[in-house]
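These notes concern the structure reproduced below.
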Amino acid sequence: MGGLSPHLSCLEGGVLMDNQNQVLDGIMKNLIDENSPSEVRTGILRVNRLECPVHGLYSSLVIGYRSEDGREVVIEEDKRCHHCVREEEEKQRQHIAYEQYKEKRITELLADNGVTGIFEGVGYDSFIADPLQEPGKLHVRGMVMAWLSGSFRNIILSGKPGTGKTLLASIAINEASRIMRPAFYTTEQKLYRTFRAVLQYPEKEGQLVKQFAAFDFLAIDELGRSAGTEYEARLLAEIIDDRYKGNKATLFSTNMNHEELTAYLGDNVIRRIAVSGRRAKCDWPPYRGVQG
Numbered sequence: 016m017g018g019l020s021p022h023l024s025c026l027e028g029g030v031l032m033d034n035q036n037q038v039l040d041g042i043m044k045n046l047i048d049e050n051s052p053s054e055v056r057t058g059i060l061r062v063n064r065l066e067c068p069v070h071g072l073y074s075s076l077v078i079g080y081r082s083e084d085g086r087e088v089v090i091e092e093d094k095r096c097h098h099c100v101r102e103e104e105e106k107q108r109q110h111i112a113y114e115q116y117k118e119k120r121i122t123e124l125l126a127d128n129g130v131t132g133i134f135e136g137v138g139y140d141s142f143i144a145d146p147l148q149e150p151g152k153l154h155v156r157g158m159v160m161a162w163l164s165g166s167f168r169n170i171i172l173s174g175k176p177g178t179g180k181t182l183l184a185s186i187a188i189n190e191a192s193r194i195m196r197p198a199f200y201t202t203e204q205k206l207y208r209t210f211r212a213v214l215q216y217p218e219k220e221g222q223l224v225k226q227f228a229a230f231d232f233l234a235i236d237e238l239g240r241s242a243g244t245e246y247e248a249r250l251l252a253e254i255i256d257d258r259y260k261g262n263k264a265t266l267f268s269t270n271m272n273h274e275e276l277t278a279y280l281g282d283n284v285i286r287r288i289a290v291s292g293r294r295a296k297c298d299w300p301p302y303r304g305v306q307g
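Count the sequence shown with my numbering and you get residues 16 to 307, in order.
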C-alpha cells in the first residue's frame with residue numbers, strides 16, 4: 016500500500032470531521048487483505064496522535080485487521096507528518112519544474128550563441144593538453160575559466176593561427192550558455208557584416224550596438240583580419256566602450272602581437288580593454304601545419 020496522506024486531512028486536532036464515516040466506509044470497502052479469510056476486512060484499527068517538531072500535533076492512521084483469535088494485525092502505519100509530506104512533494108515539484116526550465120533555457124542559449132559548425136556545443140574536454148609537455152595550454156585554459164567566473168572582465172587570446180584560439184573562444188561562450196548567461200560568439204568580420212546589412216536603416220545600427228553591448232559574455236574572434244576602415248573602427252570602439260560602461264565580459268582573439276593590436280585598435284580602446292583585463296599568449300606549436 017502507498018502513503019495515506021490524502022485521508023489524513025479529515026483527522027485534524029484529534030477529532031474526526033463530519034465526513035469521517037464516508038471516508039472510513041470508502042477505505043473499508045477498498046482495502047481487503049487477499050491473504051486473510053474473505054470475511055475479514057482490512058481497515059483502520061485506530062488513530063494515533065503524533066507530534067511534528069515543525070507543525071505540531073497530527074493524526075496517523077494504523078491500518079490492519081483483527082485476526083479470528085482477536086489479535087491486531089498491523090499492515091501499515093504512515094507516521095510521517097502529512098504537512099511535511101505535502102511540503103516535500105511541493106519542493107520536488109518545484110525542483111522538477113526548475114530542471115525542465117533550465118534544460119530548455121540552456122538549449123535555447125546554446126542554439127542562439129553564434130557558435131556553429133564543428134565548435135557547436137564543445138566544452139572544456141575538447142581542449143586537450145598534456146600537463147607535463149603543454150603547461151602553457153593548461154595555463155591559458157585556466158585563464159579562460161577565470162574570465163568566465165568573473166575574476167576579470169576582459170581577456171585577449173593572442174598567438175599564431177592554428178593554436179586553438181577559436182576553439183577556446185567557442186568553449187568559453189558555450190560554457191557561459193550552460194550557466195544560463197546570455198553570451199555570443201562572432202568574428203570581427205561577421206560583426207561588421209551584420210551592421211552593413213542595416214546601413215539603410217540608421218535607427219537599427221543603434222539597436223545592434225545595444226544588442227552586442229548587452230551580452231554578459233561576448234567573444235570577438237579573428238580580430239585584425241578586417242579592412243580596418245574608419246566606420247569599422249568607430250563601431251568596434253562604441254561596442255567596447257558600452258560594454259566597459261556596462262561592466263560586461265569580453266574575450267578577444269587575434270594573431271597580432273601587442274604592438275600590432277595597439278596600432279590596429281588605438282590607445283583609447285586598448286586602455287578600455289586593459290581595465291580589469293588579461294592577456295593570454297597561445298605560444299605553443301599550431302595544431303595543424305599553419306604558419307602565421
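The beta carbon of each residue, even a glycine, is placed where N, CA and C say it ideally should be.
What you are looking at is a predicted structure, and each value in this text was computed from that prediction instead of being measured.
(request) Determine the closest residue to ALA234 out of GLU220, TYR216, GLN215 and SER192, with distance taken between C-alpha atoms. (result) As a working note, residue 234 is residue 219 in the sequence shown. With distances taken between Cα atoms, ALA234 lies closest to SER192.
(request) Please state if the CB of ALA252 and the CB of ARG168 are separated by a distance shorter than 8 Å. (result) One-based indexing of the sequence shown puts residue 168 at position 153. One-based indexing of the sequence shown puts residue 252 at position 237. Not a contact, by the Cβ cut-off of 8 Å.
(message) Within 10 Å of its beta-carbon, does TYR302 have 16 or more other beta-carbons around it, so buried, or fewer, so exposed?
(response) Locating residue 302 in the sequence shown gives position 287, where the first residue counts as 1. That one is exposed.
(request) Return yes when the Cβ of LEU172 is within less than 8 Å of the Cβ of SER141, no when it is not. (result) By 1-based counting over the sequence shown, the position of residue 141 is 126. By 1-based counting over the sequence shown, the position of residue 172 is 157. Contact flag unset, no.
(request) Within the region 174–208, note down every full beta strand (DSSP E) run reaching 3 residues or more, in order along the chain. (result) 198–202
(request) Could you pull the start and end residues of the beta strand (DSSP E) that ARG294 belongs to? (result) Working through the sequence shown from its first residue, we reach residue 294 at position 279. 292–297 is the span of the beta strand (DSSP E), which, as asked, contains ARG294.
(message) Give me the residue from SER74, ILE78 and GLU66 with the minimum Cα distance to ILE59.
(response) Along the sequence shown, read from residue 1 onward, the residue named residue 59 stands at position 44. Nearest of SER74, ILE78 and GLU66 to ILE59, Cα basis: ILE78.
(request) Output yes or no for whether 8 Å exceeds the beta carbon distance between LEU266 and ALA161. (result) As a first step, residue 266 must be located in the sequence shown, where it is residue number 251. As a first step, residue 161 must be located in the sequence shown, where it is residue number 146. Taking 8 Å as the Cβ cut-off, LEU266 and ALA161 do not qualify as a contacting pair.
(request) Identify, in the order they occur along the chain, each residue of the same chain with its Cβ nearer than 8 Å to the Cβ of GLU102, setting aside the five sequence neighbours on each side. (result) In the sequence shown, the residue the question calls residue 102 occupies position 87. None.
(request) Evaluate THR178 with the Cβ neighbour count: other Cβ atoms within 10 Å of its Cβ, from every protein chain shown; 16 or more gives buried, anything less gives exposed. (result) Translated into the one-based positions of the sequence shown, residue 178 becomes position 163. Buried.
(message) For VAL62, report the span of its beta strand (DSSP E) as first-last.
(response) In the sequence shown, the residue the question calls residue 62 occupies position 47. Start and end: 58–67.
(request) Counting only the same chain and skipping the five closest in sequence on each side, list residues whose C-beta sits under 8 Å from that of GLU92. (result) Here residue 92 refers to the residue found at position 77 when the sequence shown is read from its first residue. These residues qualify, in order along the chain: ASN63, SER75, LEU76, VAL77 and ILE78.
(request) Measure the Cβ-Cβ separation of ARG240 and GLN204 and say whether it is below 8 Å. (result) The count along the sequence shown starts at 1 and reaches residue 240 at position 225. The count along the sequence shown starts at 1 and reaches residue 204 at position 189. Result yes, Cβ atoms of ARG240 and GLN204 sit closer than 8 Å.
(request) Closer than 8 Å by C-beta to TYR139: which residues in its own chain qualify, once you throw out the five before and the five after it? Chain order, please. (result) Within the sequence shown, residue 139 is the residue found at index 124, counting from 1. So the qualifying residues of the chain are ARG156, MET160, ILE186 and GLU190.
(message) Pop quiz: ILE285 and THR277 are said to be a contact at Cβ under 8 Å. What is the actual Cβ separation, rounded to whole angstroms?
(response) The residue you call residue 285 lines up with position 270 of the sequence shown. The residue you call residue 277 lines up with position 262 of the sequence shown. With 8 Å as the limit, ILE285 and THR277 qualify as a contact, their Cβ atoms being about 5 Å apart.
(request) Decide if ASP282 is buried, meaning its Cβ has at least 16 other Cβ atoms within 10 Å, or exposed. (result) As a position in the sequence shown, residue 282 is number 267, starting the count at 1. Per the 10 Å Cβ criterion, exposed.
(message) How far does the alpha helix (DSSP H) with VAL100 in it extend, from its first residue to its last?
(response) Position 85 of the sequence shown, counting from 1, holds the residue named residue 100. Its alpha helix (DSSP H) spans residues 97–126.
(request) Assuming PHE199 and GLY243 form a contact by the criterion Cβ under 8 Å, report the distance between their Cβ atoms to the nearest whole angstrom. (result) Residue 199 sits at position 184 when you count from the first residue of the sequence shown. Residue 243 sits at position 228 when you count from the first residue of the sequence shown. The pair is not a contact, with the Cβ atoms about 22 Å apart (cut-off 8 Å).
(message) Under DSSP, the alpha helix (DSSP H) around ALA144 begins and ends at which residues?
(response) Translated into the one-based positions of the sequence shown, residue 144 becomes position 129. Segment: none, ALA144 is in no alpha helix (DSSP H) and carries neither H nor E.
(message) Just to check my reading of the structure: PRO197 and PHE227 have Cβ atoms closer than 8 Å, yes? What is that Cβ distance to the nearest angstrom?
(response) In the sequence shown, the residue the question calls residue 197 occupies position 182. In the sequence shown, the residue the question calls residue 227 occupies position 212. Not really, about 11 Å apart at Cβ, beyond 8 Å.
(message) Ignoring anything shorter than 4 residues, give me the alpha helix (DSSP H) runs that lie fully in the region 208–267, in order along the chain.
(response) 217–229 and 245–260
(request) Would you tell me roughly how many angstroms separate the C-alpha atoms of GLN222 and TYR259, rounded to the nearest one? (result) Start at 1 with the first residue of the sequence shown, and residue 222 comes out as number 207. Start at 1 with the first residue of the sequence shown, and residue 259 comes out as number 244. Each residue's Cα considered, the two are about 17 Å apart.
(message) Would GLU237 and SER268 qualify as a contact pair, given that the criterion is a beta-carbon distance under 8 Å?
(response) As a working note, residue 237 is residue 222 in the sequence shown. As a working note, residue 268 is residue 253 in the sequence shown. Result yes, Cβ atoms of GLU237 and SER268 sit closer than 8 Å.
(message) Could you pull the DSSP bridge partners for VAL77 from this structure?
(response) As a working note, residue 77 is residue 62 in the sequence shown. Paired residues: ARG61 and GLU92.
(message) Bridge partners for ILE170 per DSSP, in chain order?
(response) Here residue 170 is taken as the residue at index 155 of the sequence shown, counted from 1. Beta-bridge pairing links ILE170 to LEU266 and ARG293.
(message) Can you check which of these residues, GLY292, PHE232, SER291 and LYS175, is closest to MET271 by C-alpha distance?
(response) Here residue 271 refers to the residue found at position 256 of the sequence shown. When each option's Cα is compared against that of MET271, the closest is LYS175.
(request) Classify GLU274 as helix, strand or coil using the three-state DSSP reduction. (result) Position 259 of the sequence shown holds residue 274. GLU274 falls in the helix class under three-state DSSP.
(message) Measuring straight from C-alpha to C-alpha, what distance separates VAL213 and ARG294?
(response) Along the sequence shown, read from residue 1 onward, the residue named residue 213 stands at position 198. Along the sequence shown, read from residue 1 onward, the residue named residue 294 stands at position 279. Approximately 33 Å between the Cα atoms of the pair.
(message) Taking the beta carbon of THR122 as the centre, do at least 16 other beta carbons fall within 10 Å, making it buried, or is it exposed?
(response) As a working mapping, residue 122 is identified with position 107 in the sequence shown. With fewer than 16 other Cβ atoms within 10 Å, it is exposed.
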